[in-house]
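Read through the structure below, which is laid out as structure tokens, and then see the notes.
Protein chains: 2
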Amino acid sequence: MRKLLLISNSTIHGGGYLEHCAEQIKQFLSKSNVKQVLFVPYALHDRDNYALTAKTAFEKMGFELESIHTQPSPVEAVHKAEAVFIGGGNTFRLLKTLYDENIVSEIRKRVLEDGMPYIGSSAGTNVGTISISTTNDMPIVYPPTFKAIGLVPFNINPHYLDPDPNSKHMGETRETRIKQFHEAEDTPPVLGLREGSMLHVEDDRVTLLGPLHARIFQRGQEPVEYPPDSDLSFLLRH
Amino acid sequence: MRKLLLISNSTIHGGGYLEHCAEQIKQFLSKSNVKQVLFVPYALHDRDNYALTAKTAFEKMGFELESIHTQPSPVEAVHKAEAVFIGGGNTFRLLKTLYDENIVSEIRKRVLEDGMPYIGSSAGTNVGTISISTTNDMPIVYPPTFKAIGLVPFNINPHYLDPDPNSKHMGETRETRIKQFHEAEDTPPVLGLREGSMLHVEDDRVTLLGPLHARIFQRGQEPVEYPPDSDLSFLLRH
Ligand SMILES: [Ca+2]
Ligand SMILES: [Ca+2]
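Chains as they are written, first to last, in the numbering used here: chain D, 780 to 1017; chain H, 780 to 1017.
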């Protein structure tokens, strides 16, 4: 029943909001006959403005959009939604608000039991995975746990960034950070999803979309690059 | 009584471990007649190796060094320490271990009541401040709180990085991330400490050391640049 579109980032350099993934979103939602999308703007502070941006983009793609922050009951809104889109921003703020509004388990139930399509971008992709432990964001607020909605049993690092060979900056590279995550036992695989990439999940089939390779990190192994359109279904069985 | 040396980062591009701040560390410790330093390696996974690196650097500066992870009781080790040095690595792992070992309040007491000199670098600087909410690290483990040792009532962003005008990467800039932190009410000032910079705190006097400007962010205000050797004592009175 599971139908997910997990996007690395909402805007690529020089493009408009959701422009680079508009075709994939259209196909993904049309296949399930979705007319209206429920938007979750919790990752940004200015929810009204964020909802307007999302509404404009989705209407251009031919879908209606309602933002959950204008609904009397967030749980009820998820309960009756045709599809959900969780936008990017700060992952800690997003996850904390999902728990504050009591919708983590309701979203999981609707996606895994009812087959409600789920689209996430950036922070919205992080919270769709098993935990937010591989977000790039600053911990500006303290969520009750780092466990997330858990629609897939692995982690994603959105906006995945290769080391810059010319940089004089000494902060950890993205790869080093992910390897530190894997120093602990029983840590799941991490998919490094570069800007412009998406992951499509349909039941037990996982496919890499977009023009770029993705990099998969597994504890105790060297990272491996996978080309566009790769079947990554093994990530569900790790 | 408070004596702190809060370093942005332990190694600058092309230099050796603690080389760029060796003079400041020597002065800082000699002033208090410190002979031996207690090292806290919890931010990295390989504690033995980390302790060896730190020991070599401190011996070169003329100080003995013992690592807390080789002591039978971490609390007792802090209790009798002449000075403490907390090294960098992953801030979440570091803070969680400080709580697991029950030494957060003991360090605070020793520094604020007994005047024990405290040196922090990178993650060790983050945990010396009011909270780890402005770390750059990945949340690879879940600490019981983001509240830190609280030796100063503001936040620091170590490895502070200016936006790269040539970047095509769309992840948030460091400045954007800090501004998101300040979207919440009652959030303290954030000192953006560039690589190569240090903050010296002696009682109620705060001085910026190193060759670079630092950038101070306050909620609802435009960020302000401060030149080397600036008196930043106002940060203690915000
Ligand atoms: Ca983000
Ligand atoms: Ca670090």
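Note that the Cβ used here is the ideal one computed from N, Cα and C, for glycine as well.
Contact test: residue i Cβ vs ligand 2 heavy atom, cutoff 8 angstroms
i	result
D:Ala963	no
D:Ala801	no
H:Ala836	no
H:Asn915	yes
H:Glu892	no
D:Gly951	Reading the sequence as shown, one finds Glu at residue 951 of chain D and not Gly. Yes, Cβ of D:Glu951 sits closer than 8 angstroms to a heavy atom of ligand 2.
H:Gly867	yes
Residue i in three-state terms, based on DSSP
i	result
H:Phe807	helix
D:Phe842	coil
D:Ala963	coil
H:Val883	helix
H:Leu784	strand
D:Gly903	helix
D:Lys926	strand
D:Asp941	coil
H:Asp983	coil
D:Ala830	helix
H:Glu1004	strand
H:Ser910	strand
H:Tyr796	coil
H:Phe996	strand
H:Leu970	strand
H:Tyr897	strand
H:Ile1053	Nothing about residue 1053 of chain H can be reported from this structure: the residues present for chain H run from 780 to 1017 only.
Proximal residues to residue i (C-beta, below 6 angstroms), its chain only, five neighbours per side dropped
i	result
D:Glu1004	His992, Arg994
D:Leu972	Ser787, Ile935, Pro937, Tyr939, Ala993
H:Lys834	Leu844
H:Ser846	Phe818, Pro820, Ala830
Candidates the options, of which the one nearest residue i by Cα
i	options	result
D:Gly794	H:Leu970, H:Asp1010, H:Leu1014, H:Met949	H:Met949
D:Lys839	D:Pro968, D:Asn828, D:Ile804	D:Ile804
H:Asn828	H:Ser811, H:His848, H:Gly841	H:His848
D:Thr924	D:Ser910, D:Pro968, D:Phe933	D:Ser910
D:Leu1015	D:Phe842, D:Ile786, D:Gly999, D:Val969	D:Val969
H:Glu981	H:Leu844, H:Ser811, H:Ser789	H:Ser811
D:Ser867	D:Val931, D:His961, D:His824, D:Asn945	Residue identity differs from the one stated: residue 867 of chain D is Gly in this sequence, not Ser. Looking at the Cα atoms, D:His824 is the closest of the given residues.
H:Phe837	H:Ile898, H:Lys888, H:Leu891, H:His792	H:Ile898
D:Met917	H:Glu951, H:Lys947, H:Pro932	H:Glu951
D:Leu927	D:Ala963, D:Ile882, D:Glu798, D:Asn915	Looking at the sequence provided, one finds Ala at residue 927 of chain D rather than Leu. Comparing Cα positions, the closest option is D:Ile882.
D:Val890	D:Pro1007, D:Glu861, D:Phe996	D:Glu861
H:Leu784	H:Val854, H:Gly894, H:Glu1001, H:Glu855	H:Gly894
Distance cut-off 8 angstroms: residue i Cβ against heavy atoms of ligand 1
i	result
D:Thr870	yes
D:Ala902	yes
H:Ala993	no
D:Ala1021	With chain D covering only 780 through 1017, there is no way to say anything about residue 1021 of chain D.
D:Gly971	no
Sequence-distant residues of the same chain with beta carbon closer than 8 angstroms to residue i, five excluded per side
i	result
D:Tyr921	Phe871, Lys875
Neighbourhood of residue i by C-beta distance below 7 angstroms, restricted to the same chain and skipping five residues each side
i	result
D:Thr790	Tyr796
H:Gly929	Arg887, Ile909
Ligand 3 heavy atom lying under 8 angstroms from the CB of residue i
i	result
H:Thr876	As for ligand 3, it is missing from this structure, which binds only ligand 1 and ligand 2.
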